[in-house]
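**Q** Submitted below is the structure of interest, expressed as structure tokens.
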Amino acid sequence: MYTLDPKKAPQPDETLSNYIRRRRKEAHISQQQLATAAGIHLQSLGKLERGKTTKLNQKTKTGLAAALSIPIEYLEAICSGQPVSEVETRKFCPQCWKPGTDPDSVWTLYRAKYCLLCGTQLRTHCTSCGEPLNSFKHKFCPNCGTSYQASNQKRK
47 MYTLDPKKAP QPDETLSNYI RRRRKEAHIS QQQLATAAGI HLQSLGKLER GKTTKLNQKT
107 KTGLAAALSI PIEYLEAICS GQPVSEVETR KFCPQCWKPG TDPDSVWTLY RAKYCLLCGT
167 QLRTHCTSCG EPLNSFKHKF CPNCGTSYQA SNQKRK
């Protein structure tokens, strides 16, 4: 899992075009270099930076996210008009997640509400005290000591 860096996040009220231009300039790369790294046409990037395009397909989002070293969720948030704070929550499946390991990548999508493997509702906090999950390295809540894993799961 990646670390969400607030310096790389879109600013409130920042447009997609301004965000992509700002990130490109911070990386000190030309439009041609970014377009090549992202796997998109230079003209498409030009349209994005001029504000002529406001929607991105999945291939473009993936390419730009990789080329700009940002989470794809940042691009999804700015395209949908949602605040970045909604994409920054850590989520896990209490049935499938093995504490101490990184979560499944689909759980970290801001739209994800349920586990695609077992259908269990994803959690963002301790069920006992309500403390948000701060790290995927721990098996127990540092605030109250309750296990993050579902209590009805059988040990193997």
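Number 186 in the numbering used here belongs to position 140 of the sequence shown; there are no gaps in the numbering.
From the three backbone atoms N, C-alpha and C, an ideal C-beta is built for every residue, glycine too.
I'd like to check one pair, residue 65 with residue 118: are the Cβ atoms closer than 8 Å?
**A** no
**Q** Give the C-beta separation of residue 108 and residue 86 to the nearest angstrom, bearing in mind that I take them to be a contact with Cβ-Cβ under 8 Å.
**A** Actually they are not in contact, since the Cβ atoms of residue 108 and residue 86 sit about 10 Å apart, beyond 8 Å.
**Q** What residue from 114, 90, 96 and 115 has the CA that sits closest to residue 103's CA?
**A** 90
**Q** Rounded to the nearest angstrom, how far is the Cβ of residue 190 from that of residue 175, given a contact under 8 Å?
**A** 4 Å
**Q** So the candidates are 62, 165, 54 and 113; which of them puts its Cα closest to the Cα of residue 78?
**A** 113
**Q** If you compare alpha carbons, which of 82, 193 and 140 is closest to residue 164?
**A** Ranking the options by Cα distance to residue 164, first place goes to 140.
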